Amino acid sequence: DTYEVLDKFSGASLVGTKYVPLFDYFTEYSDVAFRVVADDFVTPHGGTGVVHCAPAFGEDDYRVCIENQIITKGESLLVAVDDNGCFTAKITDFSGRYIKDADKDIIQVVKNKGRLVKFGSITHSYAFCARSNTPLIWRAVPNWFIAVEKLKDQVLENSKQTYWVPDFVKEKRFHNWLENARDWAVSRTRFWGTPLPVWISEDGEETIVMDSIDKLENFSGVKVTDLHRHHIDHITIPSNRGPNFGVLRRVEDVFDCWFESGSMPYAYIHYPFENVELFENNFPGH
1 DTYEVLDKFS GASLVGTKYV PLFDYFTEYS DVAFRVVADD FVTPHGGTGV
51 VHCAPAFGED DYRVCIENQI ITKGESLLVA VDDNGCFTAK ITDFSGRYIK
101 DADKDIIQVV KNKGRLVKFG SITHSYAFCA RSNTPLIWRA VPNWFIAVEK
151 LKDQVLENSK QTYWVPDFVK EKRFHNWLEN ARDWAVSRTR FWGTPLPVWI
201 SEDGEETIVM DSIDKLENFS GVKVTDLHRH HIDHITIPSN RGPNFGVLRR
251 VEDVFDCWFE SGSMPYAYIH YPFENVELFE NNFPGH
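Take a look at the structure:
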């Protein structure tokens, strides 16, 4: 490997510099993307100290791209990998191919473009599925969130009014955690769990949240004896706008298990439908 050193400079001097991307799939984003940004999550210990940012495929990437106005929080992300781990039609050279199967061909395309300096193999830690022993990827998927950030000031004030034992936990630990609280993704895309009680119309314009079994039975006309997915996913609700608008169906997600755990102190006595006085007079967090 021969090369010539043309200049030496600090990495910080590159910040803001525009560059030509390796591939031409996303040139429509050239006005805001394909420029150097800096952040301290990148280190030289496990690589070169330079990484690319893919906001739909990493939490730090997402944060850095928002902070540098490359993307806007709340807007849809461009996700060029589908639910099966295959490239979408946006990646024209490898559309429909499983991402790991395309590695060698991707390297060849970069080489053919004259943009490959060096390639090789390294050994490093990587996440694998414990059940199937297959590699995992980080990928943005649709989720239901609790808007914790909107409630942060109220939550912090409530914490100040709480008597903590030991007292240092109040300011040193829990307060700091609350200060950095983010919106909570409470949904999971799996079968087993407590189903989200949300029914949505086919056009997405009508949403009904079921807060009791009675309400679900009244809206659907179906007797409900079990709230697990295989007992309620088939239940539909007629649209309030009339038969021409079809029916509402339950979203496929289930709750995060921590949401279920947090509900336990009151759910096990059927609060707020029963035992209201008992719960509110005895539960310390009320």
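Residues 1 to 286 in the UniProt record's numbering are what the sequence shown spells out, letter by letter. Don't be surprised by glycine CBs; every beta carbon is placed ideally from N, CA and C. This one's a predicted model, so the numbers in the text were calculated from it and none came from an experiment.
Which of helix, strand or coil does DSSP assign to proline 265?
helix
Any chance you could list the alpha helix (DSSP H) runs of at least 4 consecutive residues sitting entirely within the segment 102–128, in chain order?
Those alpha helix (DSSP H) runs which fall completely within the segment 102–128 and span 4+ residues are 103–112.
Is threonine 27 helix, strand or coil when you go by DSSP?
helix
With proline 265 and phenylalanine 283 assumed to form a contact (beta carbons below 8 Å), what rounded beta-carbon distance in angstroms separates them?
6 Å
Among Phe119, Pro55 and Phe26, which has the Cα closest to the Cα of serine 76?
Pro55
Please report how far the alpha carbon of leucine 178 lies from the alpha carbon of arginine 241, in whole angstroms.
42 Å
What number of angstroms, rounded off, separates the C-alpha of asparagine 180 from the C-alpha of glutamate 149?
9 Å
Here's the rule: buried if 16 or more other CB atoms are within 10 angstroms of the residue's CB, otherwise exposed. What is tyrosine 29?
exposed
For lysine 223, collect the residues of the same chain with a Cβ closer than 7 Å to its Cβ; drop the 5 residues on either side in sequence, then sort them by chain order.
Glu217
Sort out for me which residues DSSP pairs threonine 207 with in a bridge.
Under DSSP, threonine 207 shares a beta bridge with Ile200.
Which of helix, strand or coil does DSSP assign to serine 187?
Reduced to three states, the DSSP call for serine 187 is strand.
Could you pull the start and end residues of the alpha helix (DSSP H) that arginine 63 belongs to?
It spans 59–67 - the alpha helix (DSSP H) in which arginine 63 sits, taken as one unbroken run.
Closest to valine 37 by CA distance: which of Val51, Ala185, His45 and Gly74 is it?
Val51
Indicate whether isoleucine 99 and valine 81 have their beta-carbon atoms separated by less than 8 Å.
yes
Between lysine 160 and isoleucine 235, what straight-line distance do the alpha-carbon atoms span, to the nearest angstrom?
44 Å
Closest to isoleucine 213 by C-alpha separation, out of Val110, Thr207, Ser125 and Pro197, would be which residue?
Pro197
Comparing alpha-carbon positions, which option in Phe23, Phe191, Glu202 and His228 lies nearest threonine 92?
Phe23
Note down the Cα distance separating tryptophan 144 from glutamate 260, rounded to an integer number of angstroms.
15 Å
Which residues in the same chain have their Cβ closer than 6 Å to the Cβ of alanine 147, if we skip the five residues on either side of it in sequence?
Taking alanine 147 as the centre and dropping the five residues before and after it, the same chain places the C-beta of Asp183 closer than 6 Å to its C-beta, in chain order.
For phenylalanine 94 versus aspartate 105, is the C-beta distance shorter than 8 Å?
yes
Between serine 125 and lysine 118, what straight-line distance do the alpha-carbon atoms span, to the nearest angstrom?
Between serine 125 and lysine 118, the C-alpha separation is close to 21 Å.
What are the start and end residues of the beta strand (DSSP E) that includes arginine 250?
247–250
From this set, His230, Arg115, Val141 and Gly85, which residue's C-alpha is nearest aspartate 101's C-alpha?
When each option's Cα is compared against that of aspartate 101, the closest is Gly85.
If we count the other Cβ atoms within 10 Å of its Cβ and call it buried at 16 or more, is aspartate 253 buried or exposed?
buried
Does the Cβ of proline 195 have 16 or more other Cβ atoms within 10 Å, making it buried, or fewer, making it exposed?
Classification for proline 195: buried.
Residues bridged to arginine 131 by DSSP?
None; arginine 131 has no bridge partner.
When we look at the beta-carbon of glycine 58 and count the other beta-carbons within 10 Å, is it buried (16 or more) or exposed?
Glycine 58 counts as buried, since no fewer than 16 other beta carbons sit within 10 angstroms of its beta carbon.
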